[in-house]
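K.L.:
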Amino acid sequence: MPYKHTIATQLANIVNLDLEAVAKMLETPKDPKMGDLAFPCFQLAKTLRKAPPVIAAEVAEQLAPALKEAGVPVANVQVVGAYINFFLDQQAVAGDVIAAVLTQKEQYGHSSLGGGANVTIDLSSPNIAKPFSMGHLRSTVIGNALANILEKLGYNPVRINHLGDWGTQFGKLIVAYKKWGSEEAVRANPIPELLRLYVKFHDEAKEHPELEDQGREWFKKLEDGDEEAAQLWQWFRDESLKEFNKTYELMGIKFDSLHGEAFYNDKMDRVVKELEEKGLLVEDEGAMVVKLDEYDMPPCLIKKSDGATLYATRDLAAALYRQDSYQFAKALYVVGGEQRLHFKQVFKVLEKMGYDFAKEMHHIPFGMMLKDGKKMSTRKGKVILLDEVLQNAIDDVKKVIAEKNPTLENANKVAEQVGVGAIIFHDLKNFRLNDINFSLEEMLTFEGETGPYVQYTHARANSILRKAGYVENAGVTLPEGALEGPEAWAVVTLLLNFPNIIQRAGEDFDPSALGKYIIDLAQAFNKFYANVRVLAEDEAVKQARLQLVAATATVLKEGLRLLGLEAPAEM
Ligand code: ARG
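Written out as structure tokens, the structure is:
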């Protein structure tokens, strides 16, 4: 509810309670006849030793002038029994918010909260030589939305793709390639072929365990800079990235850094040395670890008995490197919930090393993508390939366009924007910790809570403006009655709430707050359009209503942009 915060602040002053307690007591009445907000005075009776209706009357008397002073457009403060009911001046509120959106345009909702501070966002981070999984898709989509939202809140996001391009698996891959692979096969079909080699390695290793040793040896060579190993590794990485980049391009996602795990190969000695110096490194069954018993956590593995470093070691090196390079105010890691323990351990080790910035590091976990209610697994070949999913979505949208709007210009481009948008939105409307069920059919419907529905609503708003010959104009004069009624008011209050929603989405690292908001706005708008005649006879009334349409289109588009979706003007 708009102005709730300001009203709560003024109330808190008068009744001498803290803001949070008052905000909790403020209700939104079910019946709009009881006001836009209501404040029950029962709880104050004990401390003030007066009957609740008496308190209500006294508080209301002081409150009315205080609210005026604070610039809250209240039309009426009414006392009914023990309740103080507030009625906002809906015309004034509507005029204010429409003017704000139409003048600020896509800047509406910007804030300087972040003060330009750097926030590193570790996102996407697929593993080289393996298909891009649905988990990595979730990380990409959630991480990118968070980056956009934080940017709007005045932070400087640094998008880092911490590629999985290092580790013993690359030794195994080199062995498999040399035994069963060929250059042509990899070139022709890089990721499936590399995956085939990797799977074959594991099959063969069951019967020939000596392969495992060879794999370790080749990884050792790679770590030590052996030329042949390095060349093969570089080539696998390049070929994989070429494939991943097609997907990123289609999704409109760019990174500020592609420093993956390999980048830290020569930066881990520093970590190991520092851990030693600080007396944190101990031997445990031949390996070097940092004990975390006091936190009820298993030890963090730093070095294996053969001297090879590990995933956690690379994350420690990366954290120090990121703090050195960016002096981050916050460091986010958008990685699936399975890695909870890993990040807890890494953050604790940094804390034990004496780094205060560890407090500002956050693992942003998310749930799984399920297929028919079951987990997908790479091993059993039960993967859904992202490329195929995107392509299928785009093809399906093309069919819909060909049927419904055969003369649409740029139909292919629009199909891409809608197909890709459907997949992104399906993820972001759900709270990230929930598992989500993969259903292309559900994602692609134009009705219901989907990306295409919101994009379609936006395009519809634009078409209304086009057909009405609306000329952009931020000078708002609202004739009496132009925006009366619950349908217009619902749209107005949502528009007013946009900045708060962005802030909440950013502070809670929760893009779904924005996803749900956009659905609400689209629904409220469609209801408004169905019930109120926008093209009214009276020219001034028509202009005012068109301005509400224009403001809605602007906020829908900006909201979609923040989530990573395009909003075509026509579809
Ligand atoms: N490549 C890893 C995986 O697929 C994710 C990396 C996440 N980022 C990190 N800094 N550890 O599991």
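Counting in full-length UniProt numbering, the sequence shown runs from 1 upward without gaps.
Backbone N, C-alpha and C define an ideal beta-carbon position, used for all residues, glycine too.
Keep in mind the model is a prediction, meaning the values are calculated, not measured.
1) Measure the C-alpha to C-alpha separation of Pro190 and Trp235 and round it to an integer number of angstroms.
2) With a threshold of 8 Å, establish whether the CB of Pro126 neighbours any heavy atom of ligand 1.
3) Among the candidates Thr309, Ile302, Ala393, whose CA atom is the shortest distance from the CA of Leu350?
4) Would you mind giving the Cβ-Cβ distance between Val22 and Ala8, rounded to the nearest angstrom? I have them listed as a contact below 8 Å.
5) Taking the alpha-carbon positions, what's the Asp284 to Lys304 distance?
6) Does DSSP put Asn148 in a helix, a strand or coil?
7) Once DSSP output is grouped into helix, strand and coil, what is the label at Met34?
8) To which residues of the same chain is Leu332 closer than 6 Å at the C-beta, ignoring the five residues directly before and after it?
9) For Tyr3 and Val72, what's the separation of their Cα atoms in angstroms?
10) Taking only runs of the beta strand (DSSP E) that begin and end inside the stretch 114-161, which ones reach a length of at least 3 residues, in chain order?
11) List the endpoints of the continuous beta strand (DSSP E) containing Thr334.
12) Flag this pair as yes or no: are the beta carbons of Phe509 and Leu146 separated by less than 9 Å?
13) Should Asp238 be counted as a contact of ligand 1 given a C-beta to heavy atom distance under 8 Å?
14) Buried or exposed, going by whether 16 or more other CB atoms sit within 10 Å of the CB of Ser512?
15) Quick check: is any heavy atom of ligand 3 less than 8 Å from the C-beta of Gly337?
16) Name the residue from Ala411, Val15, Ile384, Thr407 whose alpha carbon lies nearest to the alpha carbon of Leu395.
17) Counting along the chain, where does the alpha helix (DSSP H) carrying Asn412 start and finish?
18) Can you tell me which of Pro131, Val186, Glu570 puts its alpha carbon nearest to the alpha carbon of Thr457?
19) With DSSP as the reference, please indicate the residues paired to Ala287 in a beta bridge.
20) Just verifying my parser: in three-state terms, what is the DSSP assignment at Phe509?
21) Among Gly337, Lys152, Trp180, Leu194, which one has its Cα closest to the Cα of Phe170?
22) Per the DSSP calculation, Cys300 is bridged to which residue(s)?
23) Taking the alpha carbon of residue 648 as the point to measure from, which residue in Val414, Leu386, Ala358, Val397 has its own alpha carbon closest?
24) Nearest to Met34 by CA position, among Gln391, Tyr83, Asp165, Phe347, is which residue?
25) Nearest-angstrom Cα distance between Ala522 and Arg545?
26) Could you tell me which of Pro209, Gln503, Val199, Asp165 sits nearest to Ala176, measuring between CA atoms?
27) Starting from Gln78, follow its DSSP beta bridges and name the residues at the other end.
28) Could you tell me if Glu447 is buried or exposed, where buried requires 16 or more neighbouring beta carbons within 10 angstroms of its beta carbon?
29) What's the C-alpha gap between Glu223 and Asn265?
30) State yes or no: is the C-beta of Met297 within less than 9 Å of the C-beta of Gln345?
P.N.:
Quick look at the numbers:
1) 10 Å
2) yes
3) Closest option to Leu350, Cα to Cα, is Ile302.
4) 5 Å
5) 10 Å
6) helix
7) helix
8) Ile121, His362, Ile364
9) 7 Å
10) 118-122, 156-160
11) For the record, residue 334 in the displayed sequence is Val; it is not Thr. 330-334 is the extent of the beta strand (DSSP E) around Val334.
12) yes
13) Relative to ligand 1, Asp238 has its C-beta separated by 8 Å or more from all heavy atoms.
14) buried
15) Questions concerning ligand 3 fall outside what the structure shown contains, since the ligands it does hold are ligand 1.
16) Just to set this straight, residue 395 is Asp in the shown sequence, not Leu. The shortest C-alpha separation from Asp395 is found at Ala411.
17) 411-428
18) Glu570
19) Asp284
20) coil
21) Leu194
22) Val290
23) Residue 648 lies beyond the residue range present for the chain, which begins at 1 and ends at 571; the question has no answer from this structure.
24) Tyr83
25) Just so you know, the alpha carbons of Ala522 and Arg545 end up roughly 16 Å apart.
26) Val199
27) Asn85
28) exposed
29) If I take the Cα positions, the gap works out to 7 Å.
30) With contacts defined by Cβ atoms closer than 9 Å, Met297 and Gln345 form a contacting pair.
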